[in-house]
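**Q** Per the numbering used here, residue 74 is the first one in the sequence shown, and the count goes up by one each step. We put the beta carbon where it would ideally sit given N, CA and C, even for glycine. Since the structure is predicted, the reported quantities are computational estimates derived from the model, not experimental observations. Take a look at this one; I'll ask things after.
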Amino acid sequence: MSTILPFTRLSTNDARSHGNDCAHRHIRLAKHGGTVSCSDCGAALAPFSALSMLAEQYGLALSQIEHLKNRLALADARILELSKTLDAIDNLKRAPKQRSTET
Ligand SMILES: [Zn+2]
74 MSTILPFTRL STNDARSHGN DCAHRHIRLA KHGGTVSCSD CGAALAPFSA LSMLAEQYGL
134 ALSQIEHLKN RLALADARIL ELSKTLDAID NLKRAPKQRS TET
């Protein structure tokens with residue numbers, strides 16, 4: 074049985090430590106030599122920093138999935154509620170009209 078470890082959001086200052094404004098969001102892995110670099114600015118990155126960034130992005134993605142699931146559940150409930158209302162209106166329109174004044 075596998076264990077899933079929750080990632081917590083980490084703040085890193087790697088972009089600033091390289092002296093440029095690049096956030097190094099796109100990493101390149103060099104299989105030969107096992108190095109990690111930024112594909113945007115070419116800066117060499119510490120593997121731990123790259124892993125931290127990936128963990129942060131992973132955590133954000135998971136929380137976004139959870140948020141979207143909640144929105145989907147609310148939307149489904151609202152659609153069901155509106156469908157019931159429309160059905161009730163449709164039933165009222167189709168029902169034979171009763172004349173209250175008829176004797
Ligand atoms: Zn970069």
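#1: Using C-beta distances below 6 Å, list every residue in its chain close to H50, excluding the 5 sequence neighbours before and after it, in chain order.
#2: Skipping 5 residues on each side, what residues in its chain have a beta carbon closer than 8 Å to that of S110?
#3: Mapping DSSP to helix, strand and coil, what is L83?
#4: Pull up the distance between the alpha-carbon of D160 and that of D149, whole angstroms please.
#5: If you reduce the DSSP assignment to three classes, tell me which class A168 lands in.
#6: What residues are listed by DSSP as bridge partners for C111?
#7: What three-state label does DSSP hand A117 in the structure shown?
#8: Nearest-angstrom Cα distance between K166 and S136?
**A** The structure says:
#1: Only positions 74 to 176 of the chain appear in the structure, and residue 50 is not among them; the question remains open.
#2: I100, R101, A103, A116, A117, L118
#3: Residue placement at L83 cannot be trusted, given a pLDDT of 48 that sits under 50; what the coordinates show is reported in the next sentence. The answer is coil: DSSP assigns L83 none of H, G, I, E or B.
#4: 16 Å
#5: Taken through DSSP and simplified to helix, strand or coil, A168 comes out as coil.
#6: I100
#7: strand
#8: 45 Å
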